[in-house]
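Some notes on the structure that comes next.
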Amino acid sequence: MNAIRANNQFGKTVNSGTAAIIYLYAGFGLLSGLADILVERALESYPWQCLGSIIFGGFEAVLIVALLTRRETSVKNRLRDSEERMSLAVKAAGLGLWDWDIENDLVWFTEECRSLYGIPSHSSLTYQGFLQYLHPDDRVSTHDAIQRALADDTEYRCEYRVVGPDGGLRWVTAMGRGCYDELGRPLRLRGVSMDATSRKQAEQEAQLQRQAMAHMARLNTLGELSSMLAHELNQPLAAILGNAQAGQRFLAQTPPDLGELRAILDDIVEDDRRAGEVVHRLRGLCKKEQAPRQKLDINALIVGVAKILRSDLIAKQMSLKLDLAEGLPEVSGDPVQLQQVLLNLMLNGMDAMLASPHCAHYLEVSTLRAGPDGIEVAVRDHGPGIPPDRLEQVFEPFVTSKPDGLGMGLAIGRSIILAHGGQLWASNHPEGGAVFHFALPICGKGEP
Amino acid sequence: MSAAPTVFLVDDDPSVLKSLERLVRAMGYRAQPFGSAREFLESFPNADMPGCLILDVQLPELSGLELQQALTARNFSLPVVFLTGCGDIPMSVRAIKAGAVDFLTKPWQEDALLSAIEQALAKDREARDQRAELDALHERLATLTPREKEVLALVAAGQLNKQIAAALGTCEQTVKVHRGRVMEKLRVKTLPDLVRLAEKAGISVSPQPGNWTKV
Chain A
16 MNAIRANNQF GKTVNSGTAA IIYLYAGFGL LSGLADILVE RALESYPWQC LGSIIFGGFE
76 AVLIVALLTR RETSVKNRLR DSEERMSLAV KAAGLGLWDW DIENDLVWFT EECRSLYGIP
136 SHSSLTYQGF LQYLHPDDRV STHDAIQRAL ADDTEYRCEY RVVGPDGGLR WVTAMGRGCY
196 DELGRPLRLR GVSMDATSRK QAEQEAQLQR QAMAHMARLN TLGELSSMLA HELNQPLAAI
256 LGNAQAGQRF LAQTPPDLGE LRAILDDIVE DDRRAGEVVH RLRGLCKKEQ APRQKLDINA
316 LIVGVAKILR SDLIAKQMSL KLDLAEGLPE VSGDPVQLQQ VLLNLMLNGM DAMLASPHCA
376 HYLEVSTLRA GPDGIEVAVR DHGPGIPPDR LEQVFEPFVT SKPDGLGMGL AIGRSIILAH
436 GGQLWASNHP EGGAVFHFAL PICGKGEP
Chain B
866 MSAAPTVFLV DDDPSVLKSL ERLVRAMGYR AQPFGSAREF LESFPNADMP GCLILDVQLP
926 ELSGLELQQA LTARNFSLPV VFLTGCGDIP MSVRAIKAGA VDFLTKPWQE DALLSAIEQA
986 LAKDREARDQ RAELDALHER LATLTPREKE VLALVAAGQL NKQIAAALGT CEQTVKVHRG
1046 RVMEKLRVKT LPDLVRLAEK AGISVSPQPG NWTKV
């Protein structure tokens, strides 16, 4: 940068030694003009001194020129070195440099930059022309970002897609800063752009992997509930079968009892609907993609999970106590993911109590208002609790006390709650057992 | 002489309970449904009623197996058929060992269920008949005089009239008379019948005359 500034100074005013020489000659000429008047007299009286001063003067001139030239050359060298280094750096980073002259609406790009955007080599572009090279969906947001940065004199930073000549998409990250005149009006915007395609792809892959992990954890949870699955579906099926078998017998009677048969068919329809609901609920839990954010009543969600766990609770000879606060405001969230968290916490609580046969065998789930902006859910068991020094550790991935456990349930649960703008933490109940709490912001207050 | 047998049903799922009740009625039996084991224990009268019990294993609070144990403890001999949504082999073995007639899974085969009900009711009938017989026998035994009881014990032990007379310190003729009266009171015609009856009643005799112990 210094070299460039130095270059500017020399470049514009004193360009080269030749200019110095010209000045010197001019000066010398002036002096010689003066000297003419003097020399005539001096030469007569002091011929050698005059010769000496002419030679000395000439020598000085040459010296000055040489020094100036050397300085200029060394500056030039530094400049060239600096440019070379920057060129290498820019090339290595895949950076493209650009400069938008706002007044004249002309955008300048380095060759690298042109190839990044797919702009042909020798075309000149206006701002609007430049925007056309962006993906249509990203044009408005990029324009907004640029205008904001110029208006606030803040760093401009934006990511957008560029459509290549072959129609292929590339992700670009652009950064820059504005230059202003003394009245604060933006004169230029200049900065760098770089190819972000591989990073974006890696991000998207990571996101897919996270989803796959969460899905796998969900399926694992459901696998644990497989006996529940069989039971939940079996009951309505058995009822339907019994009704149909009875119906067949009633039909064989003479005369057949039509009233009884009608009642039987009504019940069959109802039981079939019930079975369908069970399948629907379970299907929802198995889905891989994320459901869209919706307004949710957390109490209703908890009641739904209680239904899912009903037969598992009976099989394990445990019960569930619900203490749900009334009139809680809605939260915004993905019902499938939140149900997953609840299921996981409740199954964990049940496992903790299974392992200790002498404790009370019931779960308590409570909800309450937590301050003006949030709600809190607590799942309490009557198991042995968590050692106080491990209250944070249980949320780390691959930490599990079960022989065939993944250890991902709580880690994933925490990331789900965090993504909802909330928090998940554990504590020990003073009267025994562990309590898992999660807090969520209510609709419109702080969810991301 | 006894009331018509009732098939008692216990299941916590209301639709299953309703459909079972319908099916049992359609099969021609009386059905009495209960929503929980506790409900059943509370309503079941002290005198045991004829019939059988169809029971789900997985019930809240008091499980099916626990109910079976409770009934045995109270000496209720109601035969039990288990019906379950998810049973495993150890569970079924436990149930059968505890005396259940059968262990069926949901959804059931209609003829399997019918056959299990018939079997259970037959078992109940048999048990009741046997009990009635024994009760009658004991009634009749109670009408014997002490002397007659002694004679009975020794006859059942296989002793001849002469020996009995010697053992009891009386004459053979008296023994014959006592024997006749015993057989009359107990309504048997032949000696082997008498011996069998004595066995049923659990009468045996120790070597000392005059002592008899109920086995």
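As you go down the protein sequences, you meet chains A and B in turn.
Each residue of the first sequence is one higher than the one before, counting from 16 in this note's numbering.
Each residue of the second sequence is one higher than the one before, counting from 866 in this note's numbering.
The beta-carbon is built from N, C-alpha and C at its ideal position, and this holds for glycine as well.
Exercise. Check each candidate in Gly1034(B), Arg990(B) and Lys1054(B) and name the one with the smallest Cα separation from leucine 943(B).
Key: Arg990(B)
Quiz item: Whose C-beta lies closer than 7 Å to the C-beta of lysine 971(B) among residues of the same chain, with five residues either side of it excluded?
Solution: Leu948, Thr949 and Gly950
Self-check item: Short CB-CB distance (under 7 Å) between arginine 288(A) and chain B
Solution: no
Quiz item: Buried or exposed: which applies to lysine 883(B), given that a residue is buried once 16 or more other Cβ atoms fall within 10 Å of its Cβ?
Solution: buried
Quiz item: phenylalanine 899(B) by DSSP, collapsed to three states: which one?
Solution: strand
Exercise. Evaluate the contact criterion for the stretch 106 to 122 of chain A versus the stretch 133 to 151 of chain A: three or more CB pairs, one atom per stretch, below 8 Å.
Key: yes
Quiz prompt | Partners in chain B for leucine 256(A), counting only beta-carbon separations shorter than 7 Å | solution = Pro972
Self-check item: Cβ separation of histidine 444(A) and arginine 405(A), assumed to be a contact under 8 Å, to the nearest whole Å
Solution: With a Cβ gap of about 16 Å, histidine 444(A) and arginine 405(A) do not count as contacting.
Quiz item: When you compare only the Cα positions, how much space is there between glutamate 310(A) and glycine 916(B)?
Solution: The sequence shown places lysine at residue 310(A), rather than the glutamate named in the question. Near 55 Å, if we compare the C-alpha coordinates of glycine 916(B) and lysine 310(A).
Quiz item: Is there at least one Cβ from chain B nearer than 7 Å to arginine 325(A)'s Cβ?
Solution: no
Self-check item: Helix, strand or coil at valine 875(B) according to DSSP, with G and I counted as helix
Solution: strand
Quiz item: Under a CB-based cut-off of 7 Å, is cysteine 917(B) close to chain A?
Solution: no
Practice problem: Evaluate alanine 981(B) with the Cβ neighbour count: other Cβ atoms within 10 Å of its Cβ, from every protein chain shown; 16 or more gives buried, anything less gives exposed. | Solution: buried
Exercise. Kindly say whether leucine 252(A), judged by its beta-carbon, lies nearer than 7 Å to any beta-carbon of chain B.
Key: yes
Quiz prompt | Identified DSSP bridge partners for glutamine 438(A) | solution = Ala454(A)
Exercise. Check each residue of the stretch 1010 to 1034 of chain B: if its Cβ is closer than 8 Å to any Cβ of chain C, include it; give the result in chain order.
Key: No chain C is present in this structure, whose protein chains are A and B.
Practice problem: Please name the residue or residues paired with alanine 188(A) in a DSSP beta bridge. | Solution: The amino acid occupying residue 188(A) in the given sequence is threonine; alanine does not appear at that position. Threonine 188(A) pairs with Glu174(A) and Met209(A).
Self-check item: Exposure label - serine 880(B); buried when at least 16 CB within 10 Å
Solution: buried
Self-check item: Sequence-distant residues of the same chain with beta carbon closer than 8 Å to aspartate 312(A), five excluded per side
Solution: Leu343 and Glu345
Quiz prompt | 6 Å CB neighbourhood of glycine 111(A) in its chain, flanking five on each side removed | solution = Thr125, Glu127, Cys128, Leu131 and Ser208
Exercise. Report yes if the CB atom of glutamate 14(A) is closer than 7 Å to the CB atom of lysine 331(A), and no otherwise.
Key: This structure leaves residue 14(A) out entirely; chain A is present only between 16 and 463.
Quiz item: What does histidine 246(A) touch in chain B if you count any residue whose Cβ is under 8 Å from its own?
Solution: Gln923, Gly950 and Cys951
Quiz prompt | DSSP-derived helix/strand/coil call for glutamate 907(B) | solution = helix
Quiz item: Among all the DSSP beta bridges, which residues are the ones paired with glutamine 309(A)?
Solution: Gly348(A)
Quiz item: Below 7 Å between beta carbons: does that hold for methionine 190(A) and arginine 163(A)?
Solution: no
Quiz prompt | Nearest neighbour of serine 177(A), chosen from Asp287(A), Ala393(A), Phe145(A) and Val318(A) [CA to CA] | solution = The question names serine, but residue 177(A) in the sequence shown is valine. Nearest of Asp287(A), Ala393(A), Phe145(A) and Val318(A) to valine 177(A), Cα basis: Phe145(A).
Quiz item: threonine 382(A): which of Leu316(A), His376(A) and Leu369(A) sits nearest, CA to CA?
Solution: Leu316(A)
Exercise. Report, in whole angstroms, the separation of the C-beta atoms of valine 320(A) and glutamine 354(A), which I expect to be a contact under 8 Å.
Key: 6 Å
Quiz item: In whole angstroms, what is the alpha-carbon distance linking proline 456(A) and leucine 339(A)?
Solution: 17 Å
Exercise. Give me the Cα-Cα distance between valine 450(A) and alanine 992(B), rounded to the nearest whole angstrom.
Key: 54 Å
Quiz item: Do alanine 1021(B) and valine 1060(B) come within 7 Å of each other at the CB atom, strictly closer than that value?
Solution: yes
Exercise. Can you tell me which of the three DSSP states serine 381(A) falls into?
Key: strand
Quiz item: Just reading off the alpha helix (DSSP H) that glutamate 1049(B) is part of, what are its end residues?
Solution: 1037 to 1050
Exercise. Take aspartate 967(B) and list the residues in its own chain whose beta-carbon comes closer than 6 Å to its own, dropping the five residues that flank it on each side.
Key: Val946 and Ala981
Quiz item: For valine 392(A), which residues does DSSP report across the bridge?
Solution: Thr382(A) and Phe453(A)
Quiz item: Does DSSP put threonine 970(B) in a helix, in a strand, or in coil?
Solution: strand
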